[in-house]
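Q: In the numbering used here, the protein residues as written are 6 to 179.
Glycine is no exception: its CB is placed at the ideal position from the N, C-alpha and C atoms.
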C-alpha cells in the first residue's frame with residue numbers, strides 16, 4: 006500500500022464508488038492468505054473444540070488476530086502519506102517472524118515491545134490463549150488493541166489521503 010501512495014497509483018482507487026481503504030485492502034490481498042485461512046479451518050476441524058463455545062472462541066480469535074495484523078500494516082503503510090517510502094520501516098516478515106515464536110520465551114522489555122510497539126505478541130498468543138482459556142484481562146487488552154488499531158489505522162489512512170498528491174495517472178484496473 007505504501008508503494009501505491011508514493012508512486013501516485015492510488016488515483017485508480019479514488020475514482021471507484023467504494024470506500025477507498027476497503028477497496029485497496031481487498032485488491033492488495035494475497036492468494037496465500039486465503040490458503041492460510043483454509044489451513045487454519047482444517048487444523049480446527051481435526052484438533053479444535055467442536056462445541057458452540059469452541060467455534061465462537063476460534064472465530065473470535067481468528068477475527069481479532071486478523072484485524073490486528075491488517076490494521077497494524079495499514080498504520081505503518083499509511084505513514085507513506087507523511088514521510089515517503091516506508092517499505093523498509095517494518096515489514097510483515099518481521100511481524101510474522103516474531104509471531105512464530107512462543108511468547109513465553111520472551112521476558113521483560115522484549116515482551117512489552119512485542120505486545121505494544123510490534124503487536125506480534127497479540128497475533129501469536131491471542132488465538133492459542135483464547136482457545137485454551139479466556140482470561141478477561143488479556144481478552145480486554147486484545148479488544149482494546151484491536152479497536153485502537155482499526156480506528157487509528159483508518160483515521161491515519163483517511164487523514165493522509167487528504168494530503169495525498171495525485172500522480173495524475175490515467176489507468177484502469179484489470
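1. Of the residues 139, 34, 158 and 160, which one's Cα is nearest the Cα of residue 63?
2. Out of 162, 42 and 65, point me to the one whose CA is closest to residue 145's CA.
3. With 16 as the cutoff for other CB atoms within 10 Å, does residue 54 come out buried or exposed?
4. Determine the burial state of residue 170: buried for a count of at least 16 other Cβ atoms within 10 Å of its Cβ, exposed for fewer.
5. Could you compute how far the alpha carbon of residue 83 sits from the alpha carbon of residue 159?
6. Suppose contacts are defined by Cβ-Cβ distances below 8 Å. Is residue 69 in contact with residue 152 by that definition?
7. Hey, out of 79, 67 and 90, whose CA is closest to residue 43's CA?
8. May I ask you to report which of helix, strand or coil DSSP gives residue 17?
9. Should residue 38 be labelled buried (16 or more other beta-carbon atoms within 10 Å of its own) or exposed?
10. What are the boundary residues of the alpha helix (DSSP H) that residue 124 is part of?
11. Tell me, to the nearest whole angstrom, how far the beta carbon of residue 27 is from that of residue 155; I am working on the premise that it is less than 8 Å.
12. Distance check for residue 41 and residue 48, CA to CA, integer angstroms please.
13. Measure the beta-carbon distance from residue 31 to residue 86 and round it to whole angstroms, keeping in mind my assumption that it falls under 8 Å.
A: The short version:
1. 139
2. 65
3. exposed
4. exposed
5. Residue 83 and residue 159: Cα-Cα distance of roughly 9 Å.
6. no
7. 67
8. The DSSP-derived three-state label of residue 17 is helix.
9. exposed
10. Element bounds for residue 124: n/a, residue is neither H nor E.
11. That pair is no contact at about 12 Å.
12. Approximately 11 Å, taken between the alpha carbons.
13. Contact doesn't hold; Cβ gap of about 20 Å is too wide.
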